[in-house]
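A.B. asks:
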Amino acid sequence: MQEMLSGVPRRAALALALFVAAMLAMPLFAGSYVVSVLVVVLFSAYLGQAWNIMMGFAGQLSLGHALYVGLGAYVSAALFVHFGLPPWIGMLAGMAAAALAGSLIAALSFRFGVTGVYFALLTIAFAEFTRIVFNHFGWVGGSSGLFLPVANLARDDLVNLRGSPAMFYYILLALTLCALALGHLLLRRRVGFYWQAIREDQEAAQALGIDVFRYKIAAVTLSAVMTAIAGALMAFYDNNLYPDTTFAIGRSIDIITAPIIGGLGTLFGPILGAFVLTVLSETMTNLSSAIGINGLKQWIYGATLLAIVMLQPAGLWPWLRARLRLDEAKR
Amino acid sequence: MLTYVSIIVAGLLTGCVYGLMALGLSVIFGVTRIVNFAHGEMMVVGMYAVLVLNQKLGLDPFVMTPVIAAGLFVGGYALQRGLVNRYIARPEHEQFLLLLAVAIMLTSSTLMVFGPDARNVQVDYAYDSYEIGGVLVDKVRLLAALGAVGGVAALWAFFRWTRTGKSIRACADNQVGAQVVGLDVKRLYAVTFGIGAACVGAAGVLLLLLVDVQPYIAADFTLLAFIIVIVGGLGSMPGALLGGLLVGVSEALSGFMVLPSLKSMFSFALLIVVLLVRPQGLLGRRA
Amino acid sequence: MRHRLDRRAFGRGAAATGAWLAAGAWRRARAQPVPLRLGVVLPRSGYEALIGQGCQRGYDIAVPILRDMGYAVELMNADTESKPDVARTQAEKLIREGANMLSGAWDSGQTAALAQVSEQHGVPLVINIGADPKITEQGYRYVFRNFPTAVMLASGALSLIGDLFEATGKTPKTAVLMVVNDTFGQAAQNAFSVLIPKLGMPFRLVETIPYDAQARDLSVEVAKAKAAGAELHLAVTRLNDGILMLREMVKQRYEPMGVISPGAPGFYERQFIKTLGKYAEYCFSNNAWMDPNQELTKTVETVFAKTFPEDPFDLNVGFSFEAVLIAADAHRRAGSVNAQALVEALRATNIGKRVMIGGAIRFDAKGQNVDNRLASLQIRNGRPTVVLPAANAEAKPVFPVPGWSQRT
């Protein structure tokens with residue numbers, strides 16, 4: 016713990032502690048609607064963090080992350096429905112599937128020199144390809160979807176992941192904080208430095224003797240595995256899966272907007288981004304049901320994205336961090 | 004047998020229109036190296052423009068093609084000059100996000116103005132078809148393909164023989180060199196964006212005769228344009244056309260021979276294979 | 004935009020109701036202890052917006068009509084944006100804001116999300132439309148569905164097709180099935196493959212052609228159907244692809260004995276008829292539909308025509324109206340808004356005076372109404388007309404149908 020906190024400005028540590036305390040206390044005060052919105056925020060934050068490892072740290076743009084969400088979700092759900100396999104074990108299987116897919120895509124792409132925009136398009140292609148395959152995959156329900164047997168709400172069953180939104184809230188909160196810690200640790204280790212070197216200038220990194228190929232694959236695989244965990248949780252939270260929504264390109268785009276808005280490559284950026292976007296989205300939903308113009312919500316969403324890209328392209332977190340003076344080293 | 008021929012012919016004709024659409028993307032990327040994620044959205048704007056003009060003035064879509072193309076040229080030029088230009092040298096994800104935001108705003112604007120229902124243009128000859136040697140050829144498809152080929156040819160002539168066209172090609176080949184010889188790169192980039200937009204607008208007019216327009220089809224077409232451009236080769240004009248034809252025919256054939264609901268899967272498979280085996284595309288040059 | 008029009012038109016609805024009262028067919032509204040707050044969750048924006056808005060009209064029109072019949076219901080509306088996750092959060096929001104019951108959502112995916120929220124919170128759900136059989140196979144205790152499942156739709160549609168052959172004396176030997184590859188389509192496809200032999204249909208299904216729900220053009224699919232050379236064309240489509248398909252059939256000069264849509268949306272929608280004009284004539288749609296013989300149907304249709312003169316009175320409206328009727332009826336019998344009382348009352352539902360064709364509205368142990376019946380509709384003179392069963396028919400069916408070139 017001491018080692019983790021060294022080098023972190025005191026103000027930042029305090030702010031983080033306050034944040035964690037507030038989040039822990041939330042469900043005790045907030046109603047079920049707020050909790051369910053916060054669950055959406057945390058999913059978004061965690062997924063953003065997972066994606067951020069690949070893009071923000073290692074600089075590889077993936078636009079098909081829904082693939083890993085879907086694999087995590089479908090593998091764990093299918094095993095649960097057909098074989099009664101406990102969710103946490105099914106999740107491991109889902110993680111393995113995502114790791115396999117991620118490393119395969121990465122290995123193939125980087126071996127053939129596919130980078131940058133081309134790599135991004137390749138990730139889209141793989142996600143869409145998988146979506147269509149699953150639409151025809153009868154064992155997991157095809158396009159009519161995979162239904163998990165519904166929970167009786169009496170108690171929260173952590174082992175079988177059957178329970179109230181509050182239970183999922185705490186699981187996701189724990190995950191998000193772990194991801195935060197993981198990112199923090201990785202950035203200070205050699206692997207983190209190598210990743211940042213690769214992000215800044217791949218050729219220079221190669222010239223310095225960094226095994227670029229291996230480290231890029233590692234970033235993709237780690238990101239995929241983390242994403243799959245969220246996918247599995249999503250399956251047990253929603254209790255129904257459809258390829259057209261689970262693997263949708265819209266989902267991939269949702270995954271990346273939060274970390275980019277929040278601040279690419281930063282630790283807290285995805286979390287801030289998730290809060291901002293979800294609150295904006297919910298506000299707009301409520302507003303547009305009052306005003307009733309079809310499409311107004313998306314327009315304001317797009318305008319906000321545009322504004323942030325133009326005014327604060329590094330993301331909101333660096334700006335906020337500077338404002339709150341959290342980055343001044345006080346030690 | 005005849006059915007196969009009919010299907011391949013239909014695929015080729017549709018492919019021509021796809022080619023024109025992808026051409027705009029190819030030109031933009033080939034010259035400015037910006038990936039236009041709002042490509043499909045620009046096309047949808049063009050399609051709605053046709054719809055409105057057709058309803059108000061009763062003009063046939065073919066007649067309106069140059070008008071729409073001109074209108075979108077202005078739009079594209081303004082977009083590039085006003086907004087996109089500052090992002091030329093920025094990291095890819097920022098460009099992506101910028102154009103994504105533009106795309107979202109365009110889609111939601113069309114949604115706000117026109118609503119979510121699918122619309123199309125009814126022309127008198129919408130149900131006509133020719134029978135040539137036992138092969139059924141859809142009249143509208145044929146005319147659209149001819150229009151598309153005409154557009155591609157016009158563009159090719161522009162790049163080959165006009166001064167501006169040659170300047171743009173110079174920019175694409177060597178930006179620094181172009182600046183050294185005194186070309187106004189900023190203006191040329193804007194012109195390029197305008198041309199790309201005009202292409203996709205024209206393609207949209209022709210496509211409206213084949214499909215219905217709805218705010219949400221934009222994303223599909225952006226993706227399709229990318230597939231075609233990558234398969235054919237980014238920055239190569241004949242490549243875009245070839246890519247379009249290939250995708251058109253492969254969609255048709257795979258749909259017929261296997262399962263129609265797997266059509267898109269084959270297109271994606273094609274993209275994956277091309278990206279891994281020959282990333283510069285069939286007719287592209289290695290960067 | 005559309006919603007604003009609805010609100011303005013709703014004011015007209017009040018006037019229309021007044022006129023209806025004056026016509027003399029009303030009962031004085033009895034004072035209710037606490038009105039029922041019904042949370043209505045529909046896709047009013049997004050790609051299913053048109054349909055969601057159609058359903059909403061059914062809900063809206065129910066309130067004044069039911070009020071004059073002595074019920075007390077208030078609507079709380081929410082929009083799913085055609086997405087299951089939004090359906091979920093909106094449902095949670097409505098429950099928190101005090102909804103006693105939920106209703107929705109037309110789309111099976113969104114309805115499944117609703118069912119889950121409803122079950123988790125113990126708030127009853129009355130499904131207006133949603134055909135995925137799985138929804139009532141999950142062991143939910145709070146979910147009630149008044150709409151036939153895909154299996155029931157397939158089975159009912161097939162037996163009506165058999166009736167059609169009997170009524171016209173013409174029997175095709177072969178059939179081809181074009182089916183959209185979404186939740187409903189897949190359920191229908193599975194149902195057909197089992198039911199066609201099981202019900203002893205006189206035709207053989209020579210080919211099944213699934214197509215992507217987001218297909219831009221169906222020329223390949225229709226070419227495949229034509230190449231199959233079947234005499235009868237069955238199509239499970241939605242609205243837009245239905246239009247695309249028919250247009251291609253005309254262009255490719257593919258003229259089967261008839262085009263029948265068994266249980267699917269699309270063929271009865273106004274947009275379909277308007278876009279295709281003369282080519283939409285004689286298309287069959289076997290679906291649950293409004294019963295022209297029921298008093299209540301005539302009442303609702305009249306009020307609807309006055310309130311929403313530009314909009315179609317179709318099964319979206321009919322089933323949405325019935326959903327409110329079911330909710331209000333249970334509320335009256337329960338005498339309270341307590342969830343358990345409402346659930347008990349819902350289980351005991353038995354409504355004979357209804358809008359749609361079928362026996363009285365009752366729910367079995369799984370919460371499913373198994374007694375909705377289908378009618379065969381044929382587009383005649385630009386209007387979906389009931390041609391079968393004979394008891395409810397408005398016209399005689401025409402089969403085989405005239406070729407494309409013979410249309411005027």
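Going down the list, the protein sequences come from chains A, X and D.
Position one of the first sequence corresponds to residue 16 (my numbering), numbered consecutively onward.
Position one of the second sequence corresponds to residue 4 (my numbering), numbered consecutively onward.
Position one of the third sequence corresponds to residue 4 (my numbering), numbered consecutively onward.
Ideal Cβ placement from N, Cα and C applies to all residues, glycine included.
#1: Need the endpoints of the beta strand (DSSP E) that V76/D sits in, please.
#2: How should P405/D be labelled, buried or exposed, when 16 other C-beta atoms within 10 angstroms of its C-beta is the threshold for buried?
#3: Taking its Cβ as the centre, do 16 or more other Cβ atoms sit within 10 Å of D127/X, making it buried, or is it exposed?
#4: Where do the ends of the alpha helix (DSSP H) carrying E97/X lie?
#5: Is F402/D near the ligand HEM, with its Cβ less than 6 Å from a heavy atom?
#6: Skipping 5 residues on each side, what residues in its chain have a beta carbon closer than 6 Å to that of P315/D?
#7: Select from the stretch 243–258 of chain A all residues with a C-beta closer than 8 Å to any C-beta belonging to chain D, and list them in chain order.
#8: Write down every uninterrupted run of the beta strand (DSSP E) in the stretch 157–217 of chain D whose length is 3 residues or greater and which is fully enclosed by it, in chain order.
#9: For a cutoff of 7 Å on Cβ pairs, would you count R99/D as touching chain A?
#10: In whole angstroms, what separates the C-alpha of T83/D from that of A291/D?
#11: Output, in sequence order along the chain, the residues in the stretch 213–224 of chain X whose CB is closer than 8 Å to any CB in chain D.
#12: With the cut-off set at 7 Å, would you say L279/X and L115/A are in Cβ contact?
#13: If you draw a straight line from the C-alpha of A73/A to the C-alpha of W210/A, how long is it?
#14: Thinking C-beta only, is I132/D closer than 7 Å to F150/D?
#15: What does the alpha-carbon distance come out to for the pair M260/X and A92/X?
#16: Are F262/A and A121/A closer than 7 Å when you measure CB to CB?
#17: Name the chain A residues that come within less than 9 Å of E77/D, Cβ to Cβ?
#18: Compute the Euclidean distance between the alpha carbons of A190/D and M46/X, then round it to the nearest angstrom.
#19: Thinking C-alpha only, which one of A329/A, P333/A and R340/A is nearest A94/X?
#20: In the DSSP assignment, what are the bridge partners of A291/D?
#21: Identify the continuous alpha helix (DSSP H) that holds I220/X and give its terminal residues.
#22: Report yes or no: is there a C-beta of chain D within less than 7 Å of the C-beta of Y89/A?
#23: Excluding the five sequence neighbours on either side, which residues of its own chain have a C-beta within less than 6 Å of the C-beta of Q64/A, listed in chain order?
#24: To the nearest angstrom, how far is the alpha carbon of G165/D from that of L180/D?
#25: For D220/D, write down the residues that DSSP places opposite it in a beta bridge.
#26: At least one CB of chain X closer than 7 Å to the CB of R386/D: is that the case?
#27: Assuming N150/A and D253/A are in contact, meaning their beta carbons sit under 8 Å apart, how far apart are those beta carbons, in whole angstroms?
#28: Thinking C-alpha only, which one of Y257/D, A238/D and R250/D is nearest A230/D?
#29: Going by beta carbon distance, what residues of the same chain come within less than 7 Å of G265/A, once the five residues before and after it are set aside?
#30: Spell out a yes or no on whether the stretch 52–61 of chain A and the stretch 174–190 of chain A are touching, meaning 3 or more CB-CB pairs, one atom from each, closer than 8 Å.
#31: Pick from Q313/A, G280/A and T298/A: whose alpha carbon is nearest that of Q9/A?
#32: Is the beta carbon of M69/A sitting closer than 7 Å to the one on S91/A?
#33: I'd like to confirm the pairing. Which residues does DSSP put opposite D141/X in its beta bridges?
#34: Pick helix, strand or coil for A329/A, following the three-state DSSP scheme.
#35: Is the stretch 24–41 of chain A touching the stretch 88–104 of chain A in the sense that three or more CB pairs, one from each, lie closer than 8 Å?
#36: To which residues of the same chain is T300/D closer than 7 Å at the C-beta, ignoring the five residues directly before and after it?
C.D. replies: The answer reads as follows:
#1: V76 to D82
#2: exposed
#3: exposed
#4: E95 to F117
#5: The ligand HEM is absent from the structure shown, which contains no ligands of any kind.
#6: R273
#7: D253, N254, N255 and Y257
#8: 177–183 and 207–214
#9: yes
#10: 25 Å
#11: L213, V214, D215, Q217, Y219, I220 and D223
#12: no
#13: 5 Å
#14: yes
#15: 46 Å
#16: no
#17: Residues of chain A passing the Cβ test: none, with the nearest at roughly 16 Å.
#18: 35 Å
#19: For the sequence presented, residue 94/X should be read as Pro rather than Ala. Among A329/A, P333/A and R340/A, the Cα nearest to that of P94/X belongs to A329/A.
#20: L377/D
#21: Careful: I220/X lies outside any alpha helix (DSSP H) and carries neither H nor E.
#22: no
#23: A194 and P285
#24: 16 Å
#25: For D220/D, which the question treats as bridged, DSSP gives no partner whatsoever.
#26: no
#27: Going by Cβ atoms, the distance from N150/A to D253/A rounds to 18 Å, so no, they are not a contact pair.
#28: Y257/D
#29: none
#30: yes
#31: No statement about residue 9/A is possible, as the shown extent of chain A runs from 16 to 346 and does not include it.
#32: no
#33: S132/X
#34: coil
#35: no
#36: M293, D294 and V358
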